[in-house]
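Every position in the sequence shown, counted from 1, becomes a number in my numbering once 668 is added.
Every residue, glycine too, gets a C-beta built ideally from N, C-alpha and C.
Everything numeric in this text was worked out from a predicted model, so none of it was measured.
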Amino acid sequence: MRVLFMGTTDFAAACLDSVIRAGHEVVCVCTQPDRKKNRGMKLIFNPVKDYAINAHIDIIQPTAMKSPETTELIASYKADIFVVVAYGRILPKAIIELPPLGCVNVHASLLPKYRGAAPIQWAVINGEAETGVTTMYLSEGMDEGDMLEKAALSIGEYETFGSVYNRLMPLGAELIVSTLSKIEKGTIIKTPQNHSEANYAPPINKDFCPIDWSNEPRVIANKSRGLDPKPGATSVFNSKTYKLFSPKLTANTSTLNNGSIVSTGKQGIEIACGNGKTLIIQELQAEGGKRMKAADYLRGHTL
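Okay, structure coming up:
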């Protein structure tokens, strides 16, 4: 099939590679405009653009998705189907309705759960035992379209957002190929979402990162895991802000105030939490510093 691919991230690039390897003709890649990053404000290409350049695929980077010019440009490629993966922009109805075989999206959750921008992070933060990927037809509502296929995987007790993301990436790349094959053969089955079962995964900002030490250790641990590697769960000790990683649950108790350091040692930093329980933080990152084992940091610093 003639595919117009829309995406921006490394997750999207993995799906793009899978679609091409399956033999589909990707006639164009539509990705977000280049942005300046890092201290030198150097213009950085996103992973999808990098891939498309190396694969000699036409690239478009519209800035106004609702403009008639953008719609006409996208329509000029005469694609059979659009594949949308982590594009980061909302598509207007005029674009969604262009391809004769529809717009197919890969979403990193088991819909209708965790609609929105940060489904993997919120699944980990909320202590879910399972997540996955869903392919669906795009509609005007956010992640509300008819579901096509799903693939699930379990989330380990100490897995992080980063590790779950890395395992979902090949799963999504595999699932989109399966879905496209069934669409091409005319055997795909659409399943409407049960909107009453939906919940949402909004973007995570820095205001969410500080840890509330009055919570149960597992709640704090889940938050640390869900924000690892970025943006990182934070806490302040002696007027300095630290990102805290690699939490470890304990059976220990403490009478100290919540957020107080109970002990330090080879395992890390033991901190008092809600209900008189404690949690060990095994890795941290000081402001302006690198991530390291807490025990190593404490050899040359104090909290």
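Output the boundary residues of the beta strand (DSSP E) element that contains Met804. Glu798 to Tyr805
Do you know how far the Cα of Ala954 is from the Cα of Thr676? 30 Å
Other residues of its chain near Phe673: CB distance less than 6 Å, five sequence neighbours each side excluded: Leu684, Val694, Val697 and Val751
For the alpha helix (DSSP H) holding Cys771, just list the boundary residues, first then last. Taken as a continuous stretch (DSSP letters only), Cys771 belongs to no alpha helix (DSSP H), being part of the beta strand (DSSP E) at Cys771 to His775.
Using the Cα positions of Thr731 and Ile763, report the straight-line distance between them to the nearest angstrom. 14 Å
Nearest residue (CA-CA) to Val671, options Ser922, Asp880, Arg783 and Ile727: Ile727
Can you tell me which of His775, Phe829 and Ser864 puts its alpha carbon nearest to the alpha carbon of Glu796? Phe829
Would you list the one or two residues that DSSP bridges to Thr859? Met815
His863 beta carbon less than 8 Å from that of Pro780: yes
Within the continuous alpha helix (DSSP H) that includes Phe829, where are the two ends? Phe829 to Lys853
Tell me the rounded alpha-carbon separation between Ile929 and Thr909. 15 Å
Beta carbon of Tyr719 nearer than 8 Å to that of Ala754: no
Spatially closest choice to Lys850 from Lys916, Gly894 and Glu817, by CA coordinates: Glu817
Is the CB-CB distance between Thr921 and Thr946 below 8 Å? yes
Between which residues of its own chain and Asn773 is the CB-CB distance below 6 Å, once the five residues before and five after are set aside? Val752, Met804 and Leu806
What's the gap between the Cα of Val832 and the Cα of Cys941? 26 Å
Status (buried if at least 16 other CB within 10 Å, exposed otherwise) for Ile826: Residue 826 is actually Tyr in this sequence, not Ile. Per the 10 Å Cβ criterion, exposed.
Under the DSSP definition of a beta bridge, which residues are partnered with Cys698? Met674 and Ile728
Under the three-state reduction of DSSP, which class applies to Leu917: helix, strand or coil? strand
Which whole-angstrom value describes the C-beta separation of Ala785 and Pro871, a residue pair presumed to lie in contact below a C-beta threshold of 8 Å? 4 Å
Thr859 and Asp814: beta carbons closer than 8 Å? yes
Any chain B beta carbon closer than 8 Å to Gly800: The chain inventory of the structure shown lacks chain B, comprising one protein chain alone.
Cβ atoms of Leu966 and Phe905: under 8 Å apart, would you say? no
Which residue marks the beginning of the alpha helix (DSSP H) containing Thr923, and which one marks its end? First-last for Thr923: undefined, no H or E at that position.
Under DSSP, the beta strand (DSSP E) around Ser892 begins and ends at which residues? Run containing Ser892: none in the beta strand (DSSP E); it sits in the alpha helix (DSSP H), Pro885 to Gly894.
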